[in-house]
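Heads up: the structure comes next, in structure tokens.
Numbering (my numbering), first residue to last: 1071 to 1417.
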């Protein structure tokens, strides 16, 4: 049983210097105590960096395999190209700004190996700078509401909960964070990996949705904990990030929603996006306003290709979709935590 922990790096020398010690210590050449057939390795795929990341890795970590990509392909296509060169039974997509902990690989891999229907799993993700608080990118596992707004156990929009053990249950989730995502390699290959057109943002949610559509499960493993800095590549307020999030969310909905939901949901989402764009403009964020407009233009230009991708997916109703509207519950009903939500989950 081979596990490859693959870090995608782009001009991240400072993050590698800070976090590679824990990654190598707890991830490279590890063995389960009772299973001598288990083997893990750490691989760094460099996405065309222009800093001295590769030189640093070669000097300080000569036992870690470095894959050099010829340019920056973004998160999605970067991982597609990297994992095509890696032989393993399980892939772990791991951000470069994550602190690992002892035996963090063991529980997720054991659970997945005992349950062939689980294709994707994520560990508990806490904040690096506030280790008792769930981290924005994944928390205790991701969900999505009926209108395509993603959220996590432990994080609704910008509200992050403290970890009091309230989400220490094994459970199925809708999506796993790309910051630390365990993937069965055979399913990765079956589904063609991430959608490379997304470049970055929402690609892991789209992948997990396709996993559900293909009949597999996505699960959460609280026995494994990681600490994530987050926002290491693009700051939270960034027009390009806004453009990617809005465009990719619409594209994901178009590809994966069942026929009886797609058009209705997209009409409402396009309207709500326009409301958000006007809000950006009124607040003086002209770049963010333009980013939403550009995202909609790109989404329209992609429609023909999205239709082809949709035909290959064959969407249907899947479990773990929250049957409610998160915007209303959070902003109007003031429900700020996952456990306060009053809707139900489709099964």
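C-beta atoms are modelled at their ideal positions from N, C-alpha and C, and glycine is treated no differently.
Within the same chain, Cβ atoms closer than 8 Å to the Cβ of residue 1261 are found at 1277, 1280, 1281, 1284, the five residues on either side in sequence being excluded.
A distance below 7 Å between beta-carbons, with the five flanking residues on each side excluded, links residue 1193 to the following residues of its chain, in chain order: 1174, 1178, 1250, 1291, 1294, 1295, 1296. According to the DSSP assignment, residue 1319 belongs to the alpha helix (DSSP H) that extends over 1309 to 1326.
Here the alpha carbon of residue 1135 sits roughly 7 Å from the alpha carbon of residue 1112.
With a beta-carbon spacing of about 5 Å, residue 1117 and residue 1139 fall inside the 8 Å limit used to define contacts. By a beta-carbon distance limit of 8 Å, residue 1319 contacts residue 1218. Their separation comes to about 6 Å. The beta carbon of residue 1093 sits closer than 8 Å to the beta carbons of 1075, 1077, 1112, 1164, 1168, 1170 from its chain, once the five residues preceding and following it are set aside; these are given in chain order. With a cut-off of 8 Å on Cβ pairs, the segment 1117 to 1127 is not in contact with the segment 1196 to 1203, counting fewer than three such pairs. Membership of residue 1233 in any beta strand (DSSP E) is not indicated, and neither H nor E is assigned to it by DSSP. DSSP, reduced to helix, strand and coil, places residue 1384 outside both helices and strands of the structure shown, so it counts as coil. It is roughly 13 Å from the alpha-carbon of residue 1344 to the alpha-carbon of residue 1312. Taken through DSSP and simplified to helix, strand or coil, residue 1287 comes out as strand.
For residue 1193, the three-state secondary structure derived from DSSP is strand. For residue 1282, no pairing in a beta bridge is given by DSSP. Around the CB of residue 1254, 16 or more other CB atoms lie within 10 Å, so the residue is classed as buried. The C-alpha of residue 1412 is placed about 44 Å away from the C-alpha of residue 1083. In the DSSP assignment, the residues bridged to residue 1222 are 1212, 1225. Between residue 1195 and residue 1247 a beta carbon distance of about 6 Å is seen, short of the 8 Å cut, so the two are scored as contacting.
A residue is called buried once 16 or more other Cβ atoms fall within 10 Å of its Cβ, and residue 1241, having fewer, is exposed. The segment 1224 to 1240 makes contact with the segment 1392 to 1406, as at least three CB pairs between them are under 8 Å. Secondary structure at residue 1111: strand, using DSSP grouped into helix, strand and coil. Judged by their CB atoms, residue 1158 and residue 1072 are nearer to each other than the 8 Å cut-off. Distance from residue 1235 to residue 1146 at the Cβ level is roughly 34 Å; contact not present, criterion being Cβ atoms closer than 8 Å.
Scanning 1096, 1263, 1330, 1324 for the CA closest to the CA of residue 1369 turns up 1324.
Of the other Cβ atoms in all chains shown, 16 or more fall within 10 Å of the Cβ of residue 1271; this residue is therefore buried. Per DSSP, the unbroken alpha helix (DSSP H) holding residue 1177 starts and ends at 1176 to 1184. 8 Å or more divides the Cβ of residue 1310 from the Cβ of residue 1365.
Apart from sequence neighbours up to five positions away, the residues of its chain that approach residue 1329 with a beta-carbon distance below 8 Å are 1385, ordered along the chain.
Residue 1294 sits in a strand when the DSSP states are folded into three classes. Distances from the CA of residue 1396 to each of 1274, 1383, 1414 were compared; the closest alpha carbon is that of 1414. Note on geometry: alpha-carbon atoms of residue 1256 and residue 1152 lie some 15 Å from one another. When secondary structure is reduced to three states using DSSP, residue 1085 falls in the helix class.
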